[in-house]
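**Student:** Supplied in structure tokens, the structure appears directly below.
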Amino acid sequence: MSDLQISLVIIGVVIIAGVVIFNRIQLARHHRRVQDAFRHEHDDVLLSDEYKPISADERIEPQFGDEVPSIPNEAPDLASVPASTLSERHVASDQPAQKEPGVQKKAATSVDSMINYIADIRSNSPIPHERLIDLLQQKFDYGKPVRWYGLQSEGQLWEEISLDTLSPRNTYIELKGCLQLVDRSGLVTEINLSRFRDMAEDFSVQIHAEVDCPDIADAYARAVDLDRFCADVDVIMGVNIISKDGGAFVGTKIRALAEASGFRLESEGVFRYRDSETNEVMFSLGNFESALFLPANMRTLTTRGITFLLDVPRVASGEKVFDQMVHIARLFSSTLNGLLVDDNRVPLSENGVKRSKQRLADIQAAMAAHNITAGSETALKLFD
């Protein structure tokens with residue numbers, strides 16, 4: 001047998017051995033992923049006797065334990081409903097407009113472990129730039145937002161990194177991959193947690209780095225608890241204005257009043273009142289009927305009512321903002337010759353307004369007790 005034939009045989013044996021080893025690794029990983037997905041060392045909230053599922057119809061008002069301020073069970077005069085039960089136009093009305101991607105790095109003194117599953121990747125040498133590009137170019141589909149943070153050297157601040165902010169001049173020795181556990185659509189699945197962990201482990205192998213990934217079952221249990229709490233405080237408060245005589249309001253007058261009061265008509269078909277410093281939405285103004293407020297139809301639009309909405313967990317200093325919204329709503333009502341009513345078209349009383357304001361204060365106090373400040377960056381991510 002010639003040297004060439006011997007070499008080909010050896011190469012063939014090596015390839016076959018490599019395939020066999022690769023298949024065994026993939027099989028072991030698949031087995032571990034399945035175990036993670038169906039392992040329930042933590043309490044199963046769906047099987048627990050203490051857990052009762054909350055339907056959209058039942059969760060009319062948030063309920064809290066004794067350790068946080070109680071919320072009146074009496075139905076407030078001011079409309080107040082869980083965000084999950086609102087019509088699509090109401091939910092959309094308090095969402096911030098899409099921001100253009102920036103090119104500035106976002107510095108963070110720490111990465112929020114309360115709402116994220118964090119894979120910590122540490123390298124003894126700078127992580128190659130091309131590897132970071134490959135990582136950030138991946139189409140992450142884990143059901144929840146994924147963010148990456150980088151540390152250039154010990155003692156510096158963590159930076160949120162993306163393809164827009166990544167530069168060859170910046171080198172990183174440590175990364176944190178963050179998979180958000182909960183948002184307004186619900187909680188992350190155990191399978192997606194496992195997939196995210198596997199991705200982080202694969203990447204660390206490729207760059208010869210160490211990786212620390214939390215236990216999947218523990219992370220899922222945290223997600224369940226967080227999701228349950230967020231459902232309790234996910235409330236949008238609103239006040240409606242309808243015509244006193246059953247007539248209609250005209251779009252031109254609504255727009256003139258709104259813009260004079262500081263609202264801006266945005267592309268989603270609602271007026272938004274934004275904080276002058278942060279640009280975050282404080283409250284919004286939408287049509288009580290189904291038609292959207294669009295620039296092209298405001299001249300001809302008529303409606304029998306308008307609705308002011310305040311997204312409680314997304315607004316800082318809620319009581320102050322609530323007072324401002326009610327004040328503006330009363331000005332609108334007076335100018336339009338309208339009547340302030342709740343969602344059942346029952347006229348609002350002063351006591352009803354006070355009860356609603358207290359309820360808002362109780363909700364935001366409950367959030368603060370759980371280290372989630374209303375209107376904070378954490379709250380904006382959770383209630384997005």
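Numbering (UniProt numbering), first residue to last: 1 to 384.
For glycine and all other residues, C-beta sits at the position ideal for the given N, C-alpha and C.
All of these numbers come straight from a predicted model, not from anything done at the bench.
1) What is the DSSP secondary structure of L294, reduced to helix, strand or coil?
2) Exposed or buried, I115, counting other C-beta atoms within 10 Å across all chains shown (16 or more means buried)?
3) Following the continuous alpha helix (DSSP H) through C213, name the residue where it begins and the one where it ends.
4) Output the distance between the C-alpha atoms of S243 and F332, rounded to the nearest integer angstrom.
5) Nearest by alpha-carbon distance to S290: which of L301, R147, E130 and L339 is it?
6) For A119, which of helix, strand or coil comes out of DSSP?
7) On a Cα-Cα basis, can you pick out the residue from L166, N124, L157 and S113 that is closest to E130?
8) Hey, how far is the Cα of E280 from the Cα of A17?
9) Looking only at its own chain, which residues have a Cβ that is under 8 Å from the Cβ of S7, when we skip the five neighbours before and after it?
10) Under the DSSP definition of a beta bridge, which residues are partnered with residue 425?
11) Among the candidates V111, I161 and K144, whose CA atom is the shortest distance from the CA of F196?
12) Among L285, E268 and D120, whose alpha-carbon lies nearest the alpha-carbon of W158?
13) What does a CB cutoff of less than 6 Å around Q364 pick up in its chain, not counting 5 residues either side in sequence?
14) Here's the rule: buried if 16 or more other CB atoms are within 10 angstroms of the residue's CB, otherwise exposed. What is N344?
15) So the candidates are V346, A369 and R122; which of them puts its Cα closest to the Cα of H208?
16) Indicate whether the contact test is met: 3 or more Cβ pairs, each with one atom in the segment 259-271 and one in the segment 375-382, closer than 8 Å.
17) Would DSSP call D323 helix, strand or coil?
18) Would V188 and P313 qualify as a contact pair, given that the criterion is a beta-carbon distance under 8 Å?
**Tutor:** According to the data block:
1) Working through the sequence shown from its first residue, we reach residue 294 at position 294. Three-state result, L294: coil.
2) Sequence index remark: in the sequence shown, residue 115 carries index 115 (1-based). Buried, since its Cβ has 16 or more Cβ neighbours within 10 Å.
3) Here residue 213 is taken as the residue at index 213 of the sequence shown, counted from 1. Per DSSP, C213 belongs to no alpha helix (DSSP H) and is neither H nor E.
4) The residue labelled residue 243 in the question sits at position 243 within the sequence shown. The residue labelled residue 332 in the question sits at position 332 within the sequence shown. The alpha-carbon atoms of S243 and F332 are separated by roughly 11 Å.
5) Residue numbering aside, residue 290 sits at position 290 when the sequence shown is read from its first letter. Ranking the options by Cα distance to S290, first place goes to L301.
6) As a position in the sequence shown, residue 119 is number 119, starting the count at 1. Note: A119 maps to strand in three-state DSSP.
7) The residue you call residue 130 lines up with position 130 of the sequence shown. Nearest C-alpha to E130: L166.
8) Counted from its first residue, the sequence shown places residue 280 at position 280. Counted from its first residue, the sequence shown places residue 17 at position 17. Distance between the alpha carbons of E280 and A17: 58 Å.
9) Start at 1 with the first residue of the sequence shown, and residue 7 comes out as number 7. Cβ neighbours of S7 beyond the five flanking positions: none.
10) Look at the range of the chain in this structure, 1 to 384, and you will see that residue 425 is not part of it.
11) Indexing the sequence shown from 1 puts residue 196 at position 196. Looking at the Cα atoms, K144 is the closest of the given residues.
12) Position 158 of the sequence shown holds residue 158. Out of L285, E268 and D120, the CA that lies nearest to the CA of W158 is found in D120.
13) The count along the sequence shown starts at 1 and reaches residue 364 at position 364. G318 and A374.
14) Indexing the sequence shown from 1 puts residue 344 at position 344. Answer is exposed; the Cβ neighbour count stays below 16.
15) Here residue 208 refers to the residue found at position 208 when the sequence shown is read from its first residue. Ranking the options by Cα distance to H208, first place goes to R122.
16) no
17) Taking the sequence shown and counting its residues from 1, one reaches residue 323 at position 323. D323 falls in the helix class under three-state DSSP.
18) Here residue 188 corresponds to residue number 188 of the sequence shown, with the count starting at 1. Here residue 313 corresponds to residue number 313 of the sequence shown, with the count starting at 1. Result no, Cβ atoms of V188 and P313 do not sit closer than 8 Å.
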